[in-house]
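First comes the structure, then the notes that go with it.
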Amino acid sequence: ADLGDSLTVQARLEAVLSSVACHGSIRSGRRMQADEMNALLREMEATPHSGQCNHGRPTYVELKLKDIERLFGR
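Under this note's numbering, the very last position in the sequence shown is 1420; numbers go up by exactly one each time.
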């Protein structure tokens, strides 16, 4: 087997898996119950590289208390 062929197969497999992961993701604006949110956060904590999607976009933003207070005009 040619190494170049196996790399092509690997790249194609990764592209398919990335697409499946993206299409199955929870998208912005979706309403969730508190228990769903908690479960999602626990899964993200246990998942390597969960800080960004396959396209490189962040999956969350960390806000400091002062940032939250500023959002509410305090």
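The beta-carbon is built from N, C-alpha and C at its ideal position, and this holds for glycine as well.
Note that the structure is predicted; figures quoted are calculated from it, not measured.
Just curious, the alpha helix (DSSP H) that residue i is in, first and last residue?
i, result
"Ile-1414", "1411 to 1417"
"Arg-1388", "1380 to 1392"
Alpha carbon to alpha carbon, how far is residue i from residue j?
i, j, result
"Glu-1360", "His-1369", "14 Å"
"Arg-1358", "Ser-1365", "11 Å"
From the options, pick the residue whose C-alpha is nearest to that of residue i; which is it?
i, options, result
"Glu-1389", "Thr-1405, Leu-1417, Gly-1375, Leu-1411", "Thr-1405"
My understanding is that residue i touches residue j, with C-beta atoms under 8 Å, so please give their C-beta distance in whole angstroms.
i, j, result
"Ile-1372", "Leu-1363", "At roughly 18 Å, the Cβ-Cβ gap does not stay under 8 Å, so Ile-1372 and Leu-1363 are not in contact."
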